[in-house]
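In our numbering, the protein residues as written are 107 to 424.
Ideal placement from N, C-alpha and C gives every residue a C-beta, glycine not left out.
Read the structure below first, then the notes.
Given below as structure tokens:
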């Protein structure tokens, strides 16, 4: 009988079709989230565990990494890794992997769905029909904004940002981007100033990485530069946008619309965003399709298997 490798699973991967079961079938899993006293569980069972499974939302901080003296690999389910203390892992010689590429198209698709929904007031129209107001009152919902032929600004031109930009070609849009540095391998215009990009754009899509380095990158100056007819879309991380500044701009009419899949203090969403007619709000579902979640699951498991077979990871965080 083959002995299963022991691993630590920090939290349940309930958003994946079958990840929990596949991990349980293939490994001897310490399910940390089921232990009321995590510290005691790690002290009792942590020795000898060389691999950890976590997710972008759950992460792994320095204390957790330090509590596993034999840890060699962290395999994360998700593309973001700002919740993992990568520096602490590297200081210990611990490898870290994520699941890039496989969720790019679905997140880009959702960004476009949010953009169109915001511009054409789809959420407001949906509420209007459901409330039985269509035909019951004079007129209809306020006019929306055309998407085709407009100016699209993208904050962060990584894999997802580029996929969003390519979709803009089909809508005959001018595309510019703001990045930490200009890219030489793309046909889109570069704008070194995020404020100037927002001032130029009709639509501003936030697709940059999260973490301390981008917290409140989109501040009041950027939001107000986008203007009273502008639409901002966020499919990145909530804290990239200063949420208080966003609310204030919507309430004062200095911003046209916010279409958001992520929020600064998830799952808490300000009431002002919930009640506004100029918002589209989703519960962080950028990767939430069966196909993408299964692909993320497969890649996470491939990384785990590769570590035990070769000591290397398929998609290491660089």
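Contact check for residue 277 against residue 246 fails: the beta carbons are separated by 8 Å or more.
Taking C-alpha positions only, residue 360 is separated from residue 331 by approximately 9 Å. Boundaries of the alpha helix (DSSP H) around residue 221: 210-225. In the DSSP annotation of this structure, residue 256 is not part of any beta strand (DSSP E), being labelled neither H nor E. Comparing alpha carbon positions, the residue from 144, 186, 407 and 317 closest to residue 266 is 186. By the beta-carbon neighbour count (other beta carbons within 10 angstroms, threshold 16), residue 249 is exposed. Ranked by how close their Cα comes to the Cα of residue 293, the residues 337, 368, 281 and 191 have 281 in first place. Just so you know, the alpha carbons of residue 133 and residue 224 end up roughly 45 Å apart.
Between residue 421 and residue 175, the C-beta spacing is not below 8 Å. Scanning 313, 140 and 297 for the CA closest to the CA of residue 307 turns up 297.
A direct Cα-Cα distance of roughly 47 Å separates residue 233 from residue 171.
Looking at 365, 316 and 317, the one whose alpha-carbon comes closest to that of residue 309 is 365. Distance from the Cα of residue 390 is smallest, within the candidate group 410, 141 and 369, for 369. For residue 163 and residue 189, the gap between their C-alpha atoms comes out near 7 Å. Under DSSP, residue 137 takes part in a beta bridge, and its partners are 115.
Excluding residues up to 5 positions away in sequence, 173 and 174 lie with their Cβ nearer than 6 Å to the Cβ of residue 152 in the same chain.
Under the three-state reduction of DSSP, residue 242 is assigned to coil, being neither helix nor strand.
In this structure residue 409 does not touch residue 367 by the C-beta definition: roughly 25 Å separates them, more than the 8 Å allowed. Taken through DSSP and simplified to helix, strand or coil, residue 312 comes out as strand. Under the 10 Å beta carbon count, residue 197 is surrounded by fewer than 16 other beta carbons and is classified as exposed. With a cutoff of 8 Å on beta-carbon distance, residue 311 and residue 221 are scored as near each other. Residue pairing by DSSP places residue 166 opposite 190 in a beta bridge. Contact annotation, residue 167 with residue 143: C-beta distance approximately 17 Å; criterion of less than 8 Å not satisfied. In summary, residue 179 is buried, with 16 or more beta-carbon neighbours lying within 10 Å of its beta-carbon over all protein chains present.
Rounded to the nearest angstrom, the gap between the Cα atoms of residue 131 and residue 406 is 15 Å. For the pair residue 261 and residue 313, the CB atoms are nearer than the 8 Å cut-off.
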